[in-house]
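Counting in the working numbering, the sequence shown runs from 9 upward without gaps. All C-beta atoms, glycine included, are put in the ideal place defined by N, C-alpha and C. Computed from a predicted model, the values in this text were never measured in an experiment. Worksheet for the structure shown next.
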Amino acid sequence: MRLSQRLYAAGISPLPKEFKLYKRHRMKWAFFQKLVKPSLTPPSWIFSFFWTVLYFSMGYASFLVWRDGDGCQGAARIPLIAYGIQLLLNWAWMPIFFGLRNRALAAIEVCLLAVAVVATTVLFNDVNKMAFQLFIPYAVWTIFATYLTIAIWRMNRNGDKKIRKRKNDGA
Numbered sequence: 009m010r011l012s013q014r015l016y017a018a019g020i021s022p023l024p025k026e027f028k029l030y031k032r033h034r035m036k037w038a039f040f041q042k043l044v045k046p047s048l049t050p051p052s053w054i055f056s057f058f059w060t061v062l063y064f065s066m067g068y069a070s071f072l073v074w075r076d077g078d079g080c081q082g083a084a085r086i087p088l089i090a091y092g093i094q095l096l097l098n099w100a101w102m103p104i105f106f107g108l109r110n111r112a113l114a115a116i117e118v119c120l121l122a123v124a125v126v127a128t129t130v131l132f133n134d135v136n137k138m139a140f141q142l143f144i145p146y147a148v149w150t151i152f153a154t155y156l157t158i159a160i161w162r163m164n165r166n167g168d169k170k171i172r173k174r175k176n177d178g179a
């Protein structure tokens, strides 16, 4: 397979959806800026950079598993199902956090995502060692994102109560 085909395989699945979600929710960035955040929160440009790199590595890792595991009918079947589940959970976080502004639900969702990513990482190891290695930074970043989401939810819970009270009061 040519390099251009490998790059296409690496980016075709995850990137278009992520950019669409980013475009839809970027206007809600002001909401994020107003939240109280833990001291370990990186600068905003780090998120874009890391996710771009991680999505390419995720896509290429899934291609390696598909290729070496005989597609969806062979040894790659279960790892690719896990990959699909974690990808859906990954895509769900942004609309929950930024669209619904439901930090509690986002915290629960990102915990499920972290479990799914770790499971996918382990399953990829059985099919292709490089795919496993490509998924390790994603697993680490997802665990860090889990910490950030839970910390932001906990640090801003009083704001959630005030918002709910205003809605219930009809304001």
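Helix, strand or coil: how does DSSP classify residue i here?
| i | result |
| --- | --- |
| T150 | helix |
| T157 | helix |
| A90 | helix |
| N166 | helix |
| R174 | With a pLDDT of only 47 at R174, under the threshold of 50, the placement of this residue in the model should not be trusted; the figure read from the coordinates follows. Residue state, collapsed to three classes: helix. |
| A100 | helix |
| L48 | coil |
| G82 | coil |
Candidates the options: which alpha carbon is nearest residue i's?
| i | options | result |
| --- | --- | --- |
| T154 | A112, D78, D134 | A112 |
| Y91 | I151, A159, W149, A139 | A139 |
| V118 | A100, Q81, V135 | A100 |
| I160 | N110, L96, K137 | N110 |
| L96 | A122, D134, F40 | A122 |
| A115 | C80, F152, W74 | F152 |
| I89 | A127, N136, F40, K45 | A127 |
Suppose the cutoff is 7 Å on Cβ atoms and the five residues either side in sequence are ignored; what does the same chain contact list for residue i look like?
| i | result |
| --- | --- |
| I86 | L131 |
| W149 | F58, L62 |
| T129 | F140, F143, I144, A147 |
| V125 | Q94, Y146, A147, T150 |
Would you mind reading off the limits of the alpha helix (DSSP H) that contains residue i?
| i | result |
| --- | --- |
| G67 | 52 to 76 |
| K42 | 37 to 42 |
Closer than 6 Å by C-beta to residue i: which residues in its own chain qualify, once you throw out the five before and the five after it? Chain order, please.
| i | result |
| --- | --- |
| L43 | I160, N164 |
Exercise for review: Only counting runs of 4 or more residues, tell me where the alpha helix (DSSP H) segments fall wholly within the segment 102 to 136, in order along the chain.
Suggested key: You should have 111 to 135.
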